[in-house]
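J.: Chains as they are written, first to last, in the working numbering: chain X, 8 to 245; chain S, 8 to 245. Note that beta-carbon positions come from the ideal geometry of N, C-alpha and C, so glycine has one too. Everything numeric in this text was worked out from a predicted model, so none of it was measured.
Number of protein chains: 2
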Amino acid sequence: MTALLRSSISPTNHAAPRAVLAVIEGGRSEAESLAELQAIGATVRVAKNASLFQGGDASDRVYKVVSGAVRTCRMLVDGRRQIADFFLPGDFFGLDWQATHSFTAEALADTVVISYPRRQLESLAERNPAIQRLVMSMLCKGLAASQEQVVMLGRQTAHERLAWFLLRVRERSGGSDEIDMPMSRMDMADYLGLTIETVSRGMSEFKRRQYISAINTHQIRLTGLNALQALASGESVH
Amino acid sequence: MTALLRSSISPTNHAAPRAVLAVIEGGRSEAESLAELQAIGATVRVAKNASLFQGGDASDRVYKVVSGAVRTCRMLVDGRRQIADFFLPGDFFGLDWQATHSFTAEALADTVVISYPRRQLESLAERNPAIQRLVMSMLCKGLAASQEQVVMLGRQTAHERLAWFLLRVRERSGGSDEIDMPMSRMDMADYLGLTIETVSRGMSEFKRRQYISAINTHQIRLTGLNALQALASGESVH
DNA sequence: CGCAAGTTTGACGTACATCAAGTAGTGTGG
DNA sequence: CCACACTACTTGATGTACGTCAAACTTGCG
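1. Give the residues from the segment 41-75 of chain X that approach chain S closer than 7 Å (Cβ to any Cβ), ordered along the chain.
2. I need the DSSP call for X/Ser240, collapsed to helix, strand or coil.
3. Just the chain S side, please: which residues come within less than 9 Å of X/Met193 by C-beta, in chain order?
4. Would a check of beta-carbon distances place S/Val120 closer than 7 Å to chain X?
5. Residues in the same chain with beta-carbon distance under 6 Å from S/Tyr70, minus the five sequence neighbours each way, listed in chain order, please.
6. Could you tell me if X/Leu229 is buried or exposed, where buried requires 16 or more neighbouring beta carbons within 10 angstroms of its beta carbon?
7. Between X/Ser207 and chain S, is the shortest Cβ-Cβ distance under 7 Å, so that the two count as touching?
8. Run the CB neighbour count on S/Val158, radius 10 Å, all protein chains shown included, and call it buried at 16 or more, exposed below.
9. Please check if any C-beta of chain X sits within less than 7 Å of the C-beta of S/Gly101.
10. Is X/Met195 closer than 7 Å to X/Val206 when the C-beta atoms are compared?
11. Using the C-alpha atoms, what's the distance from S/Glu155 back to X/Arg87?
12. Please state the DSSP three-state secondary structure of S/Ile186.
13. Quick one: list the residues of chain X neighbouring S/Ser220, beta-carbon separation under 7 Å, in chain order.
14. Report the rounded CA-to-CA distance for S/Ile31 versus S/Gln45, giving the unit in angstroms.
15. Considering Cα atoms alone, identify which of X/Leu115, X/Leu41 and X/Asp98 is closest to X/Lys55.
16. Just the Cα atoms here: how many angstroms apart are S/Ser109 and S/Cys80?
17. Taking Cβ positions, are X/Leu238 and S/Gly161 nearer each other than 7 Å?
18. Hey, out of S/Ala151, S/Arg68, S/Val51 and S/Leu83, whose CA is closest to S/Gln249's CA?
19. So, at 7 Å on beta carbons, what are the nonlocal neighbours of S/Arg192 in its own chain, with the 5 sequence-adjacent residues on each side left out?
20. How about X/Glu133 and S/Pro136: are their beta carbons less than 7 Å apart?
21. What separation, rounded to the nearest whole angstrom, lies between the Cα atoms of S/Asp197 and S/Asp92?
22. S/Asp187 and S/His225 - do their beta-carbons sit closer together than 7 Å?
23. Listing by chain order, which chain X residues have their CB less than 7 Å from the CB of S/Glu178?
24. If the cut is a Cβ gap below 7 Å, which residues of chain X does S/Trp104 touch?
25. Sort S/Ala65, S/Phe94, S/Ile219 and S/Ser66 by Cα distance to S/Val77 and report the nearest one.
26. Whole angstroms is fine: what's the gap from S/Val176's alpha carbon to X/Leu141's?
27. Show which residues of chain X have a CB atom less than 8 Å away from the CB atom of S/Pro136.
28. Just tell me which of S/Ser240, S/Gly241, S/Gly209 and S/Phe213 has its CA closest to the CA of S/Gly231.
29. For S/Ile219, list the residues DSSP reports as bridge partners.
30. If you draw a straight line from the C-alpha of S/Pro24 to the C-alpha of S/Gln139, how long is it?
31. Under a three-way DSSP split, which group does X/Asp197 fall into?
32. Only counting the same chain, and skipping five residues up and downstream in sequence, which positions put a Cβ closer than 6 Å to that of X/Ala170?
33. If you follow the beta strand (DSSP E) that X/Ser74 is in, where does it begin and where does it stop?
34. Answer with yes or no whether the minimum CB distance from S/Gly33 to chain X is below 7 Å.
35. State the Cα-Cα distance for the pair S/Asn233 and S/Gln217, rounded to the nearest angstrom.
36. Per the DSSP calculation, X/Asp98 is bridged to which residue(s)?
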């Protein structure tokens, strides 16, 4: 509905506002080699609903969220939309490693990302095993996330999807029972393969059952973790 | 229903029945470096419906299909099943790069695969950029495939899914209009997030519309490519 | 405060699932 | 080669979870 125009992007080099804290498989933090990575990053500001790249664009950059949140999505010709994933601070995205992006990336809110030139990252990875492992780990995380989503979309009911989603956001944002959700009901629906009405009804039902208590629309407290986990994993709680 | 037991696996070293023909991004065939890969592969025979690995198993091997076909799937507690992907001759799978596999791999038919030890492949990749790029390209292909499936499952109707599936199998198996499908209706249904009845009705409908003509249940001729493509991409043909 | 956008709730429709009954392939033993 | 059983597939009748349409209600921003 609302036209999503490309934002005015303002790249400013070597001003990464946060240290790279990624700890890769094996447990070592490898700060020294990741400094190399930090050196090639450029900070970029994106306005709410503006896009970082569109499906079909040359995929020549990789991104990391610093603050705010990002969604990757695809639109079908008749307006149906599917969101592939959400990215929170610390997450990498845009790592398609194909010639062109197959999804569009948009900011959920005013967002700051660090952008890395793909060519430089690639050659860095070839020479530096730590970077290589980091890239691998990012790709694998993406693959795993996508495959979990496939199971969810293919075989779970609306309630199960919702429970699964809430638990997933919880985990990704630190594991506290009080989670905030930067995305709208529309975004949730388009991620879960549902409509906003079904999502809304589900949330209301969960409140009634006291699985959750709402602070406001974008902030929720999980009060029935066990019940939600049972639902999400496909046990029939009825 | 039918219990799927682990097959009696008979590994015989350095007997790769086919040359590695993968052409990686950039177009060069890099046969010399891939010979290294071939050296660490072991040929394995798997009986129909036997599993190569189960979800939860340590992921210490990567596989390539030589002949036959493989599915990766997950079963929910109540018997619902989702197939993540099918793998035809030439395809790599099992490349989770996590500690354990999150899906089970089973043979659709009597199948021959080459199995590579993960540790060796990993160290090979660190020293050999061609192998590294090959691994990357495999991961990225997997990610892209999974994300396409997400869109399909999240936002397409039963007919659209079927059309999409037929075209996908066509592409993957060489692009001929006469395609054979090693998977059962059950497998198709579990891949597409549908029931066998819905798949069957869809196929019948496509025959009626002359989008396809069946040679037999596992062999089909596509006779309305345009119509199928329109359907698959989400245009409403009605 | 007041409007517009986002969310919730209700009434109703429909695409696909479920249940059930055939029909056609596929392998086995005589 | 055919009879038999078994499994896979097809087709029909019916149910239901979720979508669609519509109207309140709520929230946030100028």
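T.: According to the structure data:
1. none
2. Taking the first residue of the first sequence as position 1, residue 240 of chain X is located at position 233. DSSP places X/Ser240 in coil when its eight states are reduced to three.
3. Position 186 of the first sequence, counted from the start, is the residue given in the question as residue 193 of chain X. Correct list: empty, because the minimum Cβ distance to chain S is about 14 Å.
4. The sequence position of residue 120 of chain S within the second sequence is 113, counting from 1. Nearest CB-CB separation between S/Val120 and chain X: not below the 7 Å threshold.
5. Residue mapping note: residue 70 of chain S aligns to position 63 of the second sequence, counting from 1. Closer than 6 Å at the Cβ level, and outside the excluded window around S/Tyr70, lie Phe100, Gly101, Val120 and Ser122.
6. Here residue 229 of chain X refers to the residue found at position 222 when the first sequence is read from its first residue. Burial call: buried.
7. Mapped onto the first sequence, residue 207 of chain X falls at position 200. So, not an interface residue.
8. The count along the second sequence starts at 1 and reaches residue 158 of chain S at position 151. S/Val158 should be labelled buried.
9. Counting from one through the second sequence, the residue named residue 101 of chain S turns up at place 94. With 7 Å as the cut-off, S/Gly101 does not count as an interface residue toward chain X.
10. Mapped onto the first sequence, residue 206 of chain X falls at position 199. Mapped onto the first sequence, residue 195 of chain X falls at position 188. Taking 7 Å as the Cβ cut-off, X/Val206 and X/Met195 qualify as a contacting pair.
11. The residue given as residue 87 of chain X occupies position 80 in the first sequence. The residue given as residue 155 of chain S occupies position 148 in the second sequence. Spanning the two alpha carbons is a distance of roughly 14 Å.
12. Counted from its first residue, the second sequence places residue 186 of chain S at position 179. Reduced to three states, the DSSP call for S/Ile186 is strand.
13. To locate residue 220 of chain S, count along the second sequence from 1; it is residue 213. Per Cβ cutoff of 7 Å: no residues; S/Ser220 is ~28 Å from chain X at best.
14. Within the second sequence, residue 31 of chain S is the residue found at index 24, counting from 1. Within the second sequence, residue 45 of chain S is the residue found at index 38, counting from 1. With a pLDDT of 38 at S/Ile31, under the threshold of 50, the predicted position of this residue should be treated as unreliable, though the coordinate-derived value follows. For S/Ile31 and S/Gln45, the distance between alpha carbons rounds to 16 Å.
15. Within the first sequence, numbered from 1, the residue matching residue 55 of chain X stands at position 48. Looking at the Cα atoms, X/Leu115 is the closest of the given residues.
16. What you label residue 109 of chain S is simply residue 102 of the second sequence in a count that begins at 1. What you label residue 80 of chain S is simply residue 73 of the second sequence in a count that begins at 1. Taking the straight line from one Cα to the other gives about 9 Å.
17. Position 231 of the first sequence, counted from the first residue, corresponds to residue 238 of chain X. Position 154 of the second sequence, counted from the first residue, corresponds to residue 161 of chain S. No, these two residues do not count as a Cβ contact at 7 Å.
18. Chain S is shown only over 8 to 245; residue 249 of chain S falls outside these bounds and no answer can be derived.
19. Within the second sequence, numbered from 1, the residue matching residue 192 of chain S stands at position 185. Around S/Arg192: Ile203, Val206 and Ser207.
20. Indexing the first sequence from 1 puts residue 133 of chain X at position 126. Indexing the second sequence from 1 puts residue 136 of chain S at position 129. It is a contact, given that the beta carbons lie within the stated cut-off.
21. In the second sequence, the residue the question calls residue 197 of chain S occupies position 190. In the second sequence, the residue the question calls residue 92 of chain S occupies position 85. Between S/Asp197 and S/Asp92, the C-alpha separation is close to 10 Å.
22. As a position in the second sequence, residue 225 of chain S is number 218, starting the count at 1. As a position in the second sequence, residue 187 of chain S is number 180, starting the count at 1. Yes, they are a contact pair.
23. Taking the first residue of the second sequence as 1, we reach residue 178 of chain S at position 171. In chain order: nothing, as chain X lies at least about 15 Å away.
24. Reading the second sequence from its first residue, position 97 is the one you call residue 104 of chain S. Under the 7 Å cutoff, chain X gives Met143 and Cys147.
25. For the purposes of this step, residue 77 of chain S is identified with residue 70 of the second sequence, where counting begins at 1. Selection S/Ala65, S/Phe94, S/Ile219 and S/Ser66 evaluated against S/Val77 yields S/Phe94 as nearest (Cα-Cα).
26. The sequence position of residue 176 of chain S within the second sequence is 169, counting from 1. The sequence position of residue 141 of chain X within the first sequence is 134, counting from 1. Each residue's Cα considered, the two are about 33 Å apart.
27. The residue labelled residue 136 of chain S in the question sits at position 129 within the second sequence. The contacting residues are Glu133.
28. Position 224 of the second sequence, counted from the first residue, corresponds to residue 231 of chain S. S/Gly231 has its Cα closest to that of S/Phe213, out of S/Ser240, S/Gly241, S/Gly209 and S/Phe213.
29. Within the second sequence, the letter at position 212 stands for residue 219 of chain S. Beta-bridge pairing links S/Ile219 to S/Leu229.
30. The count along the second sequence starts at 1 and reaches residue 24 of chain S at position 17. The count along the second sequence starts at 1 and reaches residue 139 of chain S at position 132. Below a pLDDT of 50, predicted positions are generally treated as unreliable, and S/Pro24, at 34, falls in that range; the measurement from the model is reported next regardless. C-alpha separation (whole angstroms): 23 Å.
31. Sequence index remark: in the first sequence, residue 197 of chain X carries index 190 (1-based). The answer is helix: DSSP assigns X/Asp197 an H, G or I state.
32. Within the first sequence, residue 170 of chain X is the residue found at index 163, counting from 1. Excluding residues within five positions, the ones whose Cβ falls inside 6 Å are Leu235, Leu238 and Ala239.
33. Against the first sequence, residue 74 of chain X aligns to sequence position 67. Its beta strand (DSSP E) spans residues Arg68 to Ser74.
34. The sequence position of residue 33 of chain S within the second sequence is 26, counting from 1. Caution is warranted here: a pLDDT of 40 is assigned to S/Gly33, below 50, making its placement in the model unreliable, and no coordinate value can be reported.
35. Here residue 233 of chain S corresponds to residue number 226 of the second sequence, with the count starting at 1. Here residue 217 of chain S corresponds to residue number 210 of the second sequence, with the count starting at 1. Going by the C-alpha atoms only, they are around 12 Å apart.
36. Position 91 of the first sequence, counted from the first residue, corresponds to residue 98 of chain X. In the DSSP output, where bridge partners are listed per residue, X/Asp98 has none listed.
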